[in-house]
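Using my numbering, the letters of the sequence shown correspond one by one to residues 6 to 209.
Glycine included, every Cβ here is placed at the ideal spot set by N, Cα and C.
As the structure is a computational prediction, the values presented were derived from the model and not from experiment.
Shown next, in structure tokens, is the structure this report addresses.
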Amino acid sequence: MPALSREALSVDVGNRLRQLREARKISMRTLAQLSGLSANALSMIERGRTSPSVSTLYRLADALGVPVTDFFSPETARTNVVFLKADVRTRLPFQRGLWEGLGGEQFSGRMMPFMLTLEADANSGPSSVVHTGHEFVFCLHGQLEYQVENQVFLLDAGDSLLFAAQLKHRWRNPGMVMAKAMVIISDYSDGDQPGPLHVEKLEK
Numbered sequence: 006m007p008a009l010s011r012e013a014l015s016v017d018v019g020n021r022l023r024q025l026r027e028a029r030k031i032s033m034r035t036l037a038q039l040s041g042l043s044a045n046a047l048s049m050i051e052r053g054r055t056s057p058s059v060s061t062l063y064r065l066a067d068a069l070g071v072p073v074t075d076f077f078s079p080e081t082a083r084t085n086v087v088f089l090k091a092d093v094r095t096r097l098p099f100q101r102g103l104w105e106g107l108g109g110e111q112f113s114g115r116m117m118p119f120m121l122t123l124e125a126d127a128n129s130g131p132s133s134v135v136h137t138g139h140e141f142v143f144c145l146h147g148q149l150e151y152q153v154e155n156q157v158f159l160l161d162a163g164d165s166l167l168f169a170a171q172l173k174h175r176w177r178n179p180g181m182v183m184a185k186a187m188v189i190i191s192d193y194s195d196g197d198q199p200g201p202l203h204v205e206k207l208e209k
């Protein structure tokens, strides 16, 4: 299977992590304790020596107290109208996948849309996810398996799934080719951060 394209990525994850950490006056050792990651792993990420997994990004966002979309770009004033050209879409690579922001990082409302690309057998980890609001998933390419409580849904290209996000859920790419999906998280509570909660503990 061909590797995910890393062309035109607009995010330096290591530098952005350092900016977020230093802006909050959090030492690397403290962030390691808060996130459950080793100081060595954090150092490797900040120096650009390794690319963090999606769960690592969520854990770091949770530890820093920011939405995961803050890794996309410097914090800017949010607006109630966001127009985004395809060639300026922010792109964030993680291990075995690519996350593309669709304007949620600039939007003042409670909606977080993003594009998710997953390599074969990539998944959200063994722990289920629970957060406020609603979650909409539209499979664009390949297959995506979502488990919501005790129900398992296999999405092929063109299939969609909508559910109350307080139900326990997890996902994976069960196919042999890359999967691509649009995910929209909406109507979450004020102060909630569905990004950091969406994928936890993918790997120790």
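Span of the alpha helix (DSSP H) around R211: The chain is shown only over 6 to 209; residue 211 falls outside these bounds and no answer can be derived.
Rounded straight-line distance, which links the Cα of R34 to that of V188: 33 Å
Identified DSSP bridge partners for E150: L159, R177
Three-state secondary structure assigned by DSSP to G138: coil
Cβ neighbour criterion (16 or more within 10 Å) applied to L167: exposed
Straight-line Cα distance separating H174 from E27: 33 Å
The beta strand (DSSP E) enclosing E27, as first and last residue numbers: Segment 18-28 is the alpha helix (DSSP H) holding E27; no beta strand (DSSP E) there.
Beta-carbon spacing of Q152, N178 below 8 Å: no
Contact under 8 Å by Cβ, R83 with D192: no
CA-to-CA distance, L107 to R23, given in whole angstroms: 24 Å
Meets three-Cβ-pair contact criterion under 8 Å: the stretch 36-52 and the stretch 61-68: yes
Cβ-Cβ separation, A169 to I190 (assumed contact under 8 Å), whole Å: With 8 Å as the limit, I190 and A169 do not qualify as a contact, their Cβ atoms being about 12 Å apart.
Extent of the continuous beta strand (DSSP E) run through A186: 184-191
CB contact flag (A91, H146, <8 Å): no
Short Cβ contact (8 Å threshold) for I50 with V93: no
Selected residue, minimal CA-CA separation from E124, among G180, V135, L160: G180
8 Å contact criterion, which E105 and M120 should meet: CB distance rounded: 4 Å
Cβ neighbour criterion (16 or more within 10 Å) applied to E140: buried
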